[in-house]
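Enquirer: Numbering (the working numbering), first residue to last: -8 to 312.
Here it is, the structure in full.
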Ligand code: ADE
Ligand code: ZN
């Protein structure tokens, strides 16, 4: 199996049901509404977010978050990943009673442990949550810029895409960009191609989370290819959340064929019964990719990673070596 690299995973959404149940026992919470038979239960994006928020609330102290990052990254490395960039959410930490600084340091500790055990390199992308509003998204950007953690290298926005307009959030991204952070934004997942266009016009990201609904407009697909914007595609998530009815309708091959720079990602792996490894397998099974195609996907991810050039060169050497 080719070495893998990941650009799009939400750390709170990476907590396996067993780990969430362990946390629930620690804090005396009842998981029966959100976990059944060892799996998360949800029906649509709204109930998915409810299960996600419930689980996130069970990570409350430094060791909880260190363990979450360590657990997730170690498993990923054991599956064959050499690099992971994951989204953090200071708002979720605050809601669980932890300061964003303590939360970020704790995740950093988990990253350090995983790297020591497996060699996996990782970075954090601080995100604002779109449906928490402009103020909170700008606060997250200011935190990303001021936290000073060496493993925070990017800024992004997740959450309910049907809430507000990209233009409303432009200032938050300006704050992050001016400080030198890498920029990515969720767009074109729950909302159509116009959302991707607006993200490109107002946010000016080097990467887009999902972006798959750009397929609805051929001129936009051409723009993405021409501008070299990298798409963080999450095929299994898209099928599970019914963005597309089946893999035969998924636009990954068409976007790739049109010259768009595409990567493979797992988004919130246990919620969608997936993993980065499974996404690469799905690409083989449903999109006709071979080992060289998959290596190209990893190469694209490393080229677009929010890391210093020395780290990038080291990772690229691992891929080629
Ligand atoms: N937060 C966690 N997963 C998400 C997704 N797939 N889209 C938007 N926000 C999210
Ligand atoms: Zn996502």
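Even for Gly, the Cβ is constructed at its ideal location relative to N, Cα and C.
1) What residues in its chain sit with their C-beta under 6 Å from that of residue 104, if we drop five residues either side in the sequence?
2) When the distance is taken between beta carbons, is residue 92 closer than 8 Å to residue 292?
3) Hey, would you say the C-beta of residue 149 is under 7 Å away from at least one heavy atom of ligand 2?
4) My output table needs one value for residue -8: the three-state DSSP class, helix, strand or coil.
5) Please identify the residue among 77, 54, 131 whose C-alpha is closest to the C-alpha of residue 85.
6) Name, in chain order, the residues that DSSP records as bridge partners for residue 75.
7) Can you find at least 3 beta carbon pairs, one from the segment 239 to 250 and one from the segment 12 to 22, that sit closer than 8 Å?
8) Thinking just about the alpha-carbon of each residue, which of -1, 133, 66 is nearest to the one in residue 101?
9) I believe residue 267 touches residue 7 by the beta-carbon criterion, under 8 Å. Please report the beta-carbon distance rounded to the nearest angstrom.
10) Hey, how far is the Cα of residue 275 from the Cα of residue 207?
11) Roughly how many angstroms separate the alpha carbons of residue 45 and residue 94, rounded to a whole number?
12) Can you grab the Cα-Cα spacing for the pair residue 96 / residue 302, in whole Å?
13) When you compare only the Cα positions, how much space is there between residue 211 and residue 201?
14) Under 8 Å, do residue 76 and residue 113 count as touching if we go by C-beta distance?
15) Using only the heavy atoms of ligand 2, determine whether one of them is closer than 7 Å to the beta carbon of residue 82.
16) Residue 187 and residue 229 - do their beta-carbons sit closer together than 8 Å?
17) At a threshold of 7 Å, does residue 43 count as lining ligand 1 (C-beta to nearest heavy atom)?
18) Can you find a heavy atom of ligand 2 that lies under 7 Å from the Cβ of residue 35?
19) Going by the C-beta, is residue 240 closer than 7 Å to any heavy atom of ligand 1?
20) Taking Cβ positions, are residue 225 and residue 257 nearer each other than 8 Å?
21) Does the Cβ of residue 14 have 16 or more other Cβ atoms within 10 Å, making it buried, or fewer, making it exposed?
Expert: On the basis of the coordinates in this document:
1) Position 113 of the chain shown, counting from 1, holds the residue named residue 104. Contacts found: 61.
2) Within the chain shown, the letter at position 301 stands for residue 292. Within the chain shown, the letter at position 101 stands for residue 92. No, Cβ-Cβ distance for residue 292 and residue 92 is not below 8 Å.
3) Counting from one through the chain shown, the residue named residue 149 turns up at place 158. True, at least one ligand heavy atom lies under 7 Å from that Cβ.
4) Start at 1 with the first residue of the chain shown, and residue -8 comes out as number 1. The answer is coil: DSSP assigns residue -8 none of H, G, I, E or B.
5) Position 94 of the chain shown, counted from the first residue, corresponds to residue 85. Taking each of 77, 54, 131 in turn and checking the Cα distance to residue 85, the smallest one comes out for 131.
6) Taking the chain shown and counting its residues from 1, the one referred to as residue 75 is at position 84. Answer is -3, 113, bridged to residue 75.
7) no
8) The residue given as residue 101 occupies position 110 in the chain shown. The option with the nearest alpha carbon to residue 101 is 66.
9) Against the chain shown, residue 267 aligns to sequence position 276. Against the chain shown, residue 7 aligns to sequence position 16. So it is not a contact: roughly 14 Å between Cβ atoms.
10) Along the chain shown, one-based indexing puts residue 275 at 284. Along the chain shown, one-based indexing puts residue 207 at 216. Their backbone Cα atoms lie some 24 Å apart in a straight line.
11) As a first step, residue 45 is located in the chain shown; it is residue number 54 there, counting from the start. As a first step, residue 94 is located in the chain shown; it is residue number 103 there, counting from the start. Taking C-alpha positions only, residue 45 is separated from residue 94 by approximately 17 Å.
12) In the chain shown, counting from the first residue as 1, residue 96 sits at position 105. In the chain shown, counting from the first residue as 1, residue 302 sits at position 311. Going by the C-alpha atoms only, they are around 21 Å apart.
13) Along the chain shown, read from residue 1 onward, the residue named residue 211 stands at position 220. Along the chain shown, read from residue 1 onward, the residue named residue 201 stands at position 210. Computed Cα separation, rounded: 14 Å.
14) Residue mapping note: residue 76 aligns to position 85 of the chain shown, counting from 1. Residue mapping note: residue 113 aligns to position 122 of the chain shown, counting from 1. Contact annotation: residue 76 and residue 113 have beta-carbon atoms nearer than 8 Å.
15) Locating residue 82 in the chain shown gives position 91, counting from the first residue. Taking non-hydrogen atoms of ligand 2 into account, the C-beta of residue 82 is found less than 7 Å away from none of them.
16) The residue you call residue 229 lines up with position 238 of the chain shown. The residue you call residue 187 lines up with position 196 of the chain shown. Result no, Cβ atoms of residue 229 and residue 187 do not sit closer than 8 Å.
17) The residue you call residue 43 lines up with position 52 of the chain shown. Flag set: Cβ of residue 43 near ligand 1.
18) In the chain shown, residue 35 corresponds to position 44, counting from 1. No.
19) The residue labelled residue 240 in the question sits at position 249 within the chain shown. Every heavy atom of ligand 1 is 7 Å or more from the Cβ of residue 240, so no.
20) Taking the chain shown and counting its residues from 1, the one referred to as residue 225 is at position 234. Taking the chain shown and counting its residues from 1, the one referred to as residue 257 is at position 266. Their beta carbons are under 8 Å apart, which means residue 225 touches residue 257 by this criterion.
21) As a position in the chain shown, residue 14 is number 23, starting the count at 1. A buried status is given to residue 14, since no fewer than 16 other beta-carbon atoms sit within 10 Å of its beta-carbon.
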